[in-house]
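Here the structure is laid out as structure tokens; the discussion comes afterwards.
Number of protein chains: 2
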Amino acid sequence: MKKISDSTIRRMSKYYRSLDQLIDKRVETVSSDTLAEMDGITSAQVRKDLSFFGTFGKRGFGYNTKALKKQIENILGLYRTWNVAIVGAGNIGRALTDYAEFKKQGFIIRLIMDRDKSKIGQQVRGLNIEDFNKVNDLVKDEQIDIAIIAVPADAAQAVADKLVTAGIKAILNFAPRSLKVPPDVTVKYENMAVEMEALSYFLSKKK
Amino acid sequence: MKKISDSTIRRMSKYYRSLDQLIDKRVETVSSDTLAEMDGITSAQVRKDLSFFGTFGKRGFGYNTKALKKQIENILGLYRTWNVAIVGAGNIGRALTDYAEFKKQGFIIRLIMDRDKSKIGQQVRGLNIEDFNKVNDLVKDEQIDIAIIAVPADAAQAVADKLVTAGIKAILNFAPRSLKVPPDVTVKYENMAVEMEALSYFLSKKK
DNA sequence: ATATATGTGTGAATTTTTTGACAATGACGA
DNA sequence: TCGTCATTGTCAAAAAATTCACACATATAT
Ligand SMILES: NC(=O)c1ccc[n+]([C@@H]2O[C@H](COP(=O)([O-])OP(=O)(O)OC[C@H]3O[C@@H](n4cnc5c(N)ncnc54)[C@H](O)[C@@H]3O)[C@@H](O)[C@H]2O)c1
Ligand SMILES: NC(=O)c1ccc[n+]([C@@H]2O[C@H](COP(=O)([O-])OP(=O)(O)OC[C@H]3O[C@@H](n4cnc5c(N)ncnc54)[C@H](O)[C@@H]3O)[C@@H](O)[C@H]2O)c1
Chain A
1 MKKISDSTIR RMSKYYRSLD QLIDKRVETV SSDTLAEMDG ITSAQVRKDL
51 SFFGTFGKRG FGYNTKALKK QIENILGLYR TWNVAIVGAG NIGRALTDYA
101 EFKKQGFIIR LIMDRDKSKI GQQVRGLNIE DFNKVNDLVK DEQIDIAIIA
151 VPADAAQAVA DKLVTAGIKA ILNFAPRSLK VPPDVTVKYE NMAVEMEALS
201 YFLSKKK
Chain B
208 MKKISDSTIR RMSKYYRSLD QLIDKRVETV SSDTLAEMDG ITSAQVRKDL
258 SFFGTFGKRG FGYNTKALKK QIENILGLYR TWNVAIVGAG NIGRALTDYA
308 EFKKQGFIIR LIMDRDKSKI GQQVRGLNIE DFNKVNDLVK DEQIDIAIIA
358 VPADAAQAVA DKLVTAGIKA ILNFAPRSLK VPPDVTVKYE NMAVEMEALS
408 YFLSKKK
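In the order they appear, the protein sequences are chains A and B.
If you're matching positions, the first sequence starts at 1 in the working numbering and goes up one per residue.
If you're matching positions, the second sequence starts at 208 in the working numbering and goes up one per residue.
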């Protein structure tokens with residue numbers, strides 16, 4: 001299969017959510033134009049993105065919302081559930097554990113770990129905070145697919161290394177630090193500081 | 208000034224954080240190679256990015272870490288503080304209010320608003336939760352520069368509209384929904400679902 | 001002083017991404 | 001059944017982003 005760009009995947013994920021919205025409103029058919037409108041891009045982009053994976057529309061008609069949603073579900077692997085572990089039971093770690101939407105999307109938080117003795121054993125939304133030292137066993141027992149790093153930046157690389165050793169292949173990192181991982185492991189970033197600073201740039205520029 | 212791409216700005220923000228790390232370790236000089244290494248990109252990219260804004264290095268020598276940090280500070284507008292308002296005193300809104308790092312970076316949370324009567328008046332880290340209906344006055348009184356949207360997706364566009372009316376020009380949106388705003392307003396997104404689904408795609412592809 | 005080594009700054013080349021344009025197709029009404 | 005209309009799928013063009021590659025500036029050693 002040809003390599004699909006990251007931007008295309010991101011947009012697929014957005015189409016998926018837009019389709020959900022439409023289906024909620026009982027809309028049965030949608031054009032690339034409408035989909036583009038909803039996501040603030042061009043219709044050519046929508047059609048191009050979809051064309052990497054197949055032909056899902058009918059000419060002169062558009063796309064069936066439910067059918068297209070199902071297709072994207074297959075493409076993105078959302079037809080199944082994924083087991084998620086959170087490392088770091090601080091502010092962000094707890095907020096995420098509490099995030100119900102998450103489960104609805106098929107990402108099930110099975111495990112939350114910390115290294116702080118005073119936190120281990122406490123409950124967060126029915127989950128026991130576990131000892132991160134036992135990460136190898138825990139990841140295996142709970143069959144974790146995806147790990148979320150929510151520890152301070154200084155600890156992030158060390159945590160990532162241990163997750164990789166434990167066999168994790170997919171990481172979402174909330175700490176504002178680039179991680180080095182082997183090529184068969186993917187890391188995505190959620191870096192708020194970057195977005196805030198982009199806003200700062202924008203605001204100072206216009207003066 | 209020539210239009211600078213968003214990706215360049217994002218990377219500038221990363222260089223800024225990497226420089227911080229180096230300065231912490233008492234490193235006085237850094238090459239584009241090292242900086243690139245730290246952020247997982249190429250050295251040509253680093254030099255190219257910086258070249259959009261000026262010439263900050265010495266040939267054969269590299270960049271002075273402190274001087275370059277200061278330069279980026281000026282470029283991104285981080286030499287000053289920005290007043291931030293949060294809309295939505297739920298899980299994410301509260302976690303953000305509690306996020307100390309934020310203030311250290313010059314983003315000062317002055318205001319947290321909600322529309323839920325039972326929440327208005329409660330305290331979050333010394334801040335009163337205010338009535339979002341009073342957004343116009345509040346934004347003016349507190350001289351808010353940046354608003355963070357942390358309400359359910361369905362409410363996000365309506366909230367954005369009101370923020371725009373109140374004079375806000377920069378928004379960070381945590382709700383998984385594209386926002387329509389006038390051209391003089393910037394919106395950045397923090398969309399976790401997109402990142403998680405990209406990981407899902409990656410995991411299902413390799414099987 | 002001079003030579004040498006290092007690493008920047010930058011046009012040019014390359015690659016990637018986005019946009020444009022339109023022939024082809026299917027729905028639908030007469 | 002045929003004609004009209006809407007909208008896809010895709011090839012080609014344009015634009016944007018990244019990488020290459022090297023002349024040149026500067027630090028340092030001798
Ligand atoms: N709180 C926010 O709103 C927010 C927003 C954006 C980014 N972040 C980032 O997310 C990360 C976590 O932020 P937070 O506010 O939740 O921090 P926090 O201090 O509240 O929590 C961090 C947790 O990680 C644990 N920890 C530290 N080192 C560890 C290790 N080596 N192994 C296992 N656990 C360890 C700590 O015991 C603590 O419970 C930080 O990198 C922060 O920059 C936070
Ligand atoms: N919690 C998370 O970890 C998380 C992660 C990623 C994204 N998000 C997104 O962030 C947003 C907020 O999530 P949350 O978990 O904090 O939700 P939440 O339900 O805990 O909080 C939402 C808050 O917004 C308020 N609100 C609703 N409509 C409003 C309106 N029109 N005006 C003003 N206030 C209004 C509610 O009263 C509530 O206090 C959602 O869009 C969610 O998808 C949350």
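Glycine residues also receive a C-beta, built at the ideal position from the N, C-alpha and C atoms.
From a predicted model like this one, the values you see are computed outputs, not experimental measurements.
Can you tell which of the options has the C-alpha that lies nearest to the C-alpha of residue i?
i: residue 354 of chain B; options: B:412, B:323, B:409 and B:367; result: B:367
i: residue 82 of chain A; options: A:132, A:43, A:62 and A:145; result: A:145
i: residue 7 of chain A; options: A:94, A:46, A:91 and A:193; result: A:46
i: residue 310 of chain B; options: A:193, A:143 and A:132; result: A:193
i: residue 116 of chain A; options: A:54, A:131, A:135 and A:30; result: A:131
i: residue 141 of chain A; options: A:84, A:184, A:58 and A:195; result: A:84
i: residue 2 of chain A; options: A:11, A:54, A:136 and A:42; result: A:54
i: residue 195 of chain A; options: B:360, B:391 and B:312; result: B:312
i: residue 197 of chain A; options: B:314, B:340 and B:362; result: B:314
My assumption, with CB atoms under 8 Å, is that residue i sits in contact with residue j. Please give the rounded CB distance.
i: residue 334 of chain B; j: residue 316 of chain B; result: 7 Å
i: residue 125 of chain A; j: residue 97 of chain A; result: 5 Å
i: residue 199 of chain A; j: residue 395 of chain B; result: 6 Å
i: residue 281 of chain B; j: residue 99 of chain A; result: Actually they do not touch by this definition, with Cβ atoms about 37 Å apart.
Leaving aside the five residues before and after residue i along the sequence, list all residues of the same chain whose C-beta is less than 8 Å from its C-beta, in chain order.
i: residue 186 of chain A; result: 169, 170 and 171
i: residue 364 of chain B; result: 384, 386 and 387
i: residue 389 of chain B; result: 371
i: residue 153 of chain A; result: 175, 176 and 177
i: residue 216 of chain B; result: 283
i: residue 248 of chain B; result: 218
i: residue 340 of chain B; result: 322
Give me, in chain order, the residues of the same chain whose beta-carbon lies closer than 6 Å to that of residue i; leave out the 5 immediate sequence neighbours on both sides.
i: residue 16 of chain A; result: 72
i: residue 336 of chain B; result: 296, 319, 321, 326, 327 and 329
i: residue 4 of chain A; result: 52
i: residue 94 of chain A; result: 124
i: residue 350 of chain B; result: 290
i: residue 135 of chain A; result: 162 and 166
i: residue 240 of chain B; result: 250
i: residue 218 of chain B; result: 256
Among residues of its own chain, excluding the 5 on either side of residue i, which ones have a beta-carbon nearer than 7 Å to its beta-carbon?
i: residue 225 of chain B; result: 242, 245 and 246
i: residue 191 of chain A; result: 176
i: residue 151 of chain A; result: 87, 88, 159 and 175
i: residue 167 of chain A; result: 139
i: residue 50 of chain A; result: 56
i: residue 13 of chain A; result: 76
i: residue 31 of chain A; result: 62
i: residue 184 of chain A; result: 169
Please classify residue i as buried or exposed, where buried requires at least 16 neighbouring CB atoms within 10 angstroms.
i: residue 173 of chain A; result: buried
i: residue 296 of chain B; result: buried
i: residue 276 of chain B; result: buried
i: residue 44 of chain A; result: exposed
i: residue 268 of chain B; result: exposed
i: residue 28 of chain A; result: exposed
i: residue 101 of chain A; result: exposed
i: residue 266 of chain B; result: exposed
State whether the segment 186 to 204 of chain A contacts the segment 285 to 305 of chain B, with contact taken as three or more CB pairs (one from each stretch) at a distance under 8 Å. yes
For the segment 17 to 32 of chain A and the segment 60 to 68 of chain A, state whether three or more C-beta atom pairs, one from each stretch, are separated by less than 8 Å. yes
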